[in-house]
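For the sequence shown, our numbering assigns the number 1295 to the initial residue and increments by one for each residue that follows.
The beta-carbon is built from N, C-alpha and C at its ideal position, and this holds for glycine as well.
All remarks here apply to the structure that follows.
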Amino acid sequence: MNEIITLLVDDIPEYLDTMEMHLPEGCRAVRASSLVEAREQTEAEHPALAVVDVRLKEEDNANHEGLTFLKWIRQNHPLVPVIMISAYREFEFEAEALALGAEYFLKKPIQPDKFRETVAKTMNTL
């Protein structure tokens, strides 16, 4: 079985570590900590799946670069499923992410079993 390249996008290294540690068997993590890096990794690595934090603490005054990335990946790589994550409880982020085409929306802190199950379900659709 080929490894499923999974792009993990978060500006907090500990969350990247946690997500990578809890990926299901068969996934290979590619990490990015910014919007620019996420785009670069997508073009270089051609991930089959992306897990993206809503907020990446960049220049975007609204502070939701992950949604910007979701829009970009939908336009440029429409077959790549995206799981969005956020520590913020604002319902509009979840609603917007799902409306923009995210397959799932998970809340931080990451629950390892739920994370692994959600990634596995998404992998099964590939």
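{"Item": "What residues in its chain sit with their C-beta under 8 Å from that of Ala-1414, if we drop five residues either side in the sequence?", "Value": "Pro-1318"}
{"Item": "Give me whichever residues DSSP pairs with Tyr-1398 in a beta bridge.", "Value": "Ile-1377"}
{"Item": "Pop quiz: Phe-1409 and His-1316 are said to be a contact at Cβ under 8 Å. What is the actual Cβ separation, rounded to whole angstroms?", "Value": "5 Å"}
{"Item": "Pop quiz: Asp-1311 and Leu-1350 are said to be a contact at Cβ under 8 Å. What is the actual Cβ separation, rounded to whole angstroms?", "Value": "That belief does not hold up - the Cβ atoms of Asp-1311 and Leu-1350 are roughly 16 Å apart, past 8 Å."}
{"Item": "Please name the residue, chosen from Val-1345, Thr-1412, Gln-1369 and Leu-1400, that lies closest to Ile-1299 on a Cα-to-Cα basis.", "Value": "Val-1345"}
{"Item": "Any idea if Val-1330 is buried or exposed, counting beta-carbon neighbours within 10 angstroms, 16 or more meaning buried?", "Value": "exposed"}
{"Item": "For His-1371, which residues of its own chain have a beta-carbon under 7 Å away from its beta-carbon, when the five flanking residues on both sides are left out?", "Value": "Thr-1336"}
{"Item": "Pop quiz: Leu-1364 and Leu-1394 are said to be a contact at Cβ under 8 Å. What is the actual Cβ separation, rounded to whole angstroms?", "Value": "5 Å"}
{"Item": "Between the beta-carbon of Leu-1400 and the beta-carbon of Ile-1377, is there less than 8 Å?", "Value": "yes"}
{"Item": "If you count every other CB in all the chains shown that lies within 10 Å of the CB of Val-1359, and 16 or more means buried, which is it?", "Value": "The sequence shown places Glu at residue 1359, not Val. It is buried - the Cβ of Glu-1359 has at least 16 other Cβ atoms within 10 Å."}
{"Item": "If you check the beta carbons only, do Leu-1301 and Ala-1326 fall under 8 Å apart?", "Value": "yes"}
{"Item": "Run through the DSSP bridge pairs and tell me what Arg-1322 is partnered with.", "Value": "Ile-1299"}
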